[in-house]
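Q: So the sequence lines, in the order shown, correspond to chains A and B.
Read in order, the letters of the first sequence are residues 1 to 199 in the numbering used here.
Read in order, the letters of the second sequence are residues 1001 to 1465 in the numbering used here.
Ideal Cβ placement from N, Cα and C applies to all residues, glycine included.
Pasting in a structure now, in structure tokens, and then I'll have a few things to ask.
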Amino acid sequence: MSKIFQHLVSAAVPVPIENIDTDQIIPARFLKATTREGFGENLFRDWRFDANNQPKADFVLNNPVYSGKVLVAGKNFGCGSSREHAAWALADYGFKVVVSSFFADIFKNNALNNFILPVQVSEDFLDKVFKAIETDPKAQIEVDLENQFIRIVATGEQESFDINAYKKTCLLNGYDDIDYLLSLRQDIEQYEGTRAFNF
Amino acid sequence: MGKTLFDKIWDSHIVMSKPEHPDAVYINTHFIHEVTSPQAFDGLRKRGIPVFRPQKTRATADHNVPTMDQHLPIKEALSRHQVEMLTKNTTEFGVELYGLGHPFQGIVHVIGPELGITLPGMTIVCGDSHTSTHGAFGAVAFGIGTSEVEQVLATQCILQYKPKRMKIEVNGTLKNGVLSKDIILYIISKISASGATGYFVEYAGDAIRNLSMEARMTICNMSIEMGARGGLIAPDETTFNYIKGRQFAPQGADWDKALAYWQTLYSDSDAQFDKVLTFDAADIEPQITYGTNPGMGMGVSQHIPSLEQVEEKERPSFKKSLDYMDLEPGSTLLGKKIDYVFIGSCTNSRIEDLRLVADYVKGKRKADDVVVWIVPGSKQVEAQAKEEGIDKVFAAAGFQLREPGCSACLGMNEDKVPAGMYCISTSNRNFEGRQGPNARTFLASPLTAAAAALTGRVMDVTKNI
């Protein structure tokens, strides 16, 4: 896992389905590993493979026309279970960015903690991205974290996106939350001393 | 201006609040289980640091455990390894474990409350989205990812942006046969699976206030199914009576001191919420889901929306969902034949759920071609059921009373619904494949599930009680 994200230009993989839950991203029966690696092979397992483990030809990840480090999905992406394995599976497969018009909260945190950038765009812009990929499956998408914009290279259409300043700094520099929290050790101990109850 | 209950608890747990930074929030109780913790312990090892406050973390094995023959080694190698890793990690890092065979073992969101670990005013996290369950006690409780589990193990704190506040009021009297599960399924069907994303929800109103603690837990449990970070209910006499005398609950002078504090835990009358929704309990009928997210639900006597009733933009996802379920738009589910009944999960596996089902099915027998699994939420629930003779009622009805665990809620352990089969389930998610590859789930209350067990069909329980 690369612990940094700054900028990329890449083709994108479209999954225009709403409410993609983390059970679809990685089904529970593949959560038995005790490391963070190797989940990519089971990314979207039951949409990618049939009961005999044969690739389903109609699923986009099995279509060689589509590739790239950007996943584009319908609204409310990542709802359901808090399993970080969903973010690990996306990262392990090679995705660096997920574009949607709406993300579930826990997924968004999990993605950021794994240096995957969730780019929330308007419904209109999401439609434009889907259309661009429909027109040209190799359509390049540019994502610039420093300047907080996403751009469809061929048409020049772009939109800015939000990210909180703290997480932006983390992604640009490869910092993680634990580094920051560990630096607060004295404050934490001081806080504990002020609590009226031992719970 | 007054404060909401959520703000009172959140604000009193802030260790550090810096501009442009998420709040560092102190966590009182951290629950862990075998699936989302191993990578977090590995992270500590890589950094060479201990668990900062090991006595504030409690562990149990639930997701991956079999629900039959728990005294024998787990057959499936990967599951066994994961459960063994939890034992190894908790031993090495000094964390208390209620593992298989322990009298406190069970689903993490069932054991916390029943042991008196979950208390009002606490901040509680767990690497599991249904941690919202604990909010029923007036705690700020929410699910987290594994990187965040590592944060809590390392520092007893978590970095979070403060969510917005929503109040959902349910007023009035419930119809006979309508349970708290129906209330929450109804709310989710009205506001959708993403209707509360970005919010922390407080449930209020007399219909909520009149519920037992078990019933309140069912409501808070499913907060995440409408996208909320969590849901909570102000503690009251019902809460205090439930907690008093439990294993780890405060006692004596500590109890009095705690109680005085808990009685301050309510939203002030002039507190401002970012959003307020109000529902009438009398409008709620027994609910059932027809689709593949918990927002796709309806009253059991209603019809599935027709294609024309669904917004054009949402039709492809709607159609994909109904294709998966092999259901027709516009059709009814009443009388629909079902194959499996699952009564269990952190939503509905408490003693009250089992009592309700036992009362309903007593002296009756299940339909011949239906498999009925009853999975108690914990060893304590299982023991209580046996003490009350509920196990005999189930045996006479042809139901299987299994051992505690997450079971068929999530298709991870041995308990899976076969492909193509319909299961009426008291769990919380009807996602594609949730109960097993290509299994089809109807979410419903324990009563609706019990009625289906007896007849083999989707029934309206209000018609025959």
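Would you say E1114 (chain B) reaches chain A, if we count a Cβ-Cβ gap shorter than 7 Å as a contact?
A: no
Q: Going along chain A, which residues have a C-beta under 7 Å from A1193 (chain B)?
A: N19, N76, C79
Q: Give the interface partners of R36 (chain A) over in chain B, defined as CB-CB distance under 7 Å, in chain order.
A: Q1039
Q: What residues in the region 1156-1190 of chain B bring their beta carbon closer than 9 Å to a beta carbon of chain A?
A: Q1156, C1157, I1158, L1159, Q1160, Y1161, P1163
Q: Quick one: Cα of Y1098 (chain B) to Cα of Q1105 (chain B), how far?
A: 5 Å
Q: For the region 40-53 of chain A, enumerate the residues whose C-beta is nearer than 7 Å to any C-beta of chain B, in chain order.
A: Listed by position, the residues of the region 40-53 of chain A near chain B (Cβ gap below 7 Å) are D46, A51.
Q: Which residues, taken in chain order from the region 104-115 of chain A, show a beta carbon closer than 8 Å to some beta carbon of chain B?
A: From the region 104-115 of chain A, only A104, D105, I106, N109, N110, N113, N114 have a Cβ closer than 8 Å to chain B.
Q: At what residues does the alpha helix (DSSP H) containing V129 (chain A) begin and finish?
A: Start and end: 123-135.
Q: Is the distance from the Cβ of G1377 (chain B) to the Cβ of I1107 (chain B) below 7 Å?
A: yes
Q: Could you tell me whether the Cβ atoms of V1110 (chain B) and H1030 (chain B) are closer together than 7 Å?
A: Remark: C-beta atoms of V1110 (chain B) and H1030 (chain B) do not approach each other more closely than 7 Å.
Q: Between which two residues does the beta strand (DSSP E) holding F149 (chain A) run?
A: 149-152
Q: Taking beta-carbon pairs under 7 Å, can you tell me which members of the region 1394-1410 of chain B lie near chain A?
A: L1410
Q: Report yes if the CB atom of G1433 (chain B) is closer than 7 Å to the CB atom of D46 (chain A), and no otherwise.
A: yes
Q: Taking the CB atoms as reference points, tell me whether M1226 (chain B) and I1188 (chain B) lie closer together than 7 Å.
A: yes
Q: Between which two residues does the beta strand (DSSP E) harbouring Y1360 (chain B) extend?
A: Counting along the chain, Y1360 (chain B) falls outside any beta strand (DSSP E), though it belongs to the alpha helix (DSSP H) covering 1351-1361.
Q: From Q120 (chain A) to E1414 (chain B), what does the alpha carbon distance come to, in whole angstroms?
A: 38 Å
Q: Do you know how far the Cα of L43 (chain A) is from the Cα of R1045 (chain B)?
A: Taking the straight line from one Cα to the other gives about 27 Å.
Q: Compare the C-beta of K32 (chain A) with all C-beta atoms of chain B and state if any pair is closer than 7 Å.
A: yes
Q: Output the distance between the C-alpha atoms of L1086 (chain B) and L1211 (chain B), rounded to the nearest integer angstrom.
A: 36 Å
Q: Suppose the cutoff is 8 Å on Cβ atoms and the five residues either side in sequence are ignored; what does the same chain contact list for E1352 (chain B) look like?
A: Setting aside the 5 residues that flank it on each side, E1352 (chain B) is surrounded in the same chain by S1212, E1214, A1215, each with a C-beta closer than 8 Å to its C-beta; the list follows chain order.
Q: On the criterion of 16 or more Cβ atoms from any shown chain inside 10 Å, does A57 (chain A) qualify as buried, or is it exposed?
A: exposed
Q: In whole angstroms, what is the alpha-carbon distance linking T1133 (chain B) and R1355 (chain B)?
A: 20 Å
Q: Please tell me whether G1297 (chain B) and Q1287 (chain B) are closer than 7 Å, where the distance is taken between their beta carbons.
A: Yes. Within cutoff.
Q: Is H1102 (chain B) near the ligand ADP, in the sense that its beta carbon is under 6 Å from a heavy atom of that ligand?
A: The ligand content of the structure shown is nil, which means the ligand ADP is not present either.
Q: Run down chain B in chain order and give the residues with a C-beta less than 8 Å from the C-beta of N164 (chain A).
A: E1020, P1022, Y1161
Q: For the putative contact between S1267 (chain B) and L1005 (chain B), defined by C-beta atoms under 8 Å, what is the C-beta separation to the nearest angstrom?
A: So it is a contact: roughly 5 Å between Cβ atoms.
Q: Classify V15 (chain A) as helix, strand or coil using the three-state DSSP reduction.
A: strand
Q: Whole alpha helix (DSSP H) runs in the region 1015-1087 of chain B with 4 or more residues, listed along the chain?
A: Within the region 1015-1087 of chain B, the complete alpha helix (DSSP H) runs of at least 4 residues are 1038-1047.
Q: According to DSSP, I1288 (chain B) sits in a beta bridge with which residue or residues?
A: B:M1298
Q: Run down chain A in chain order and give the residues with a C-beta less than 7 Å from the C-beta of E1312 (chain B).
A: Those within 7 Å of E1312 (chain B) in chain A number zero; the least Cβ separation is about 13 Å.
Q: Kindly list the residues whose CB is nearer than 7 Å to the CB of S1321 (chain B), restricted to its own chain and excluding five residues on each side of it in sequence; keep chain order.
A: G1291, T1292, M1296
Q: Between Y203 (chain A) and chain B, is the shortest Cβ-Cβ distance under 7 Å, so that the two count as touching?
A: Here chain A comprises residues numbered 1 to 199, so residue 203 (chain A) is not present and cannot be evaluated.
Q: Starting from F1431 (chain B), find everything on chain A with Cβ-Cβ shorter than 8 Å and list it in chain order.
A: D21, D23, Q24, G80
Q: Could you tell me the alpha carbon to alpha carbon distance between R1315 (chain B) and L1307 (chain B), rounded to whole angstroms?
A: 7 Å
Q: Where do the ends of the beta strand (DSSP E) carrying A1141 (chain B) lie?
A: 1140-1143
Q: Going by Cα to Cα distance, which pick from B:A1281, B:I1304, B:D1280, B:V1310 is closest to T1289 (chain B)?
A: It is B:I1304 whose Cα lies nearest to the Cα of T1289 (chain B).
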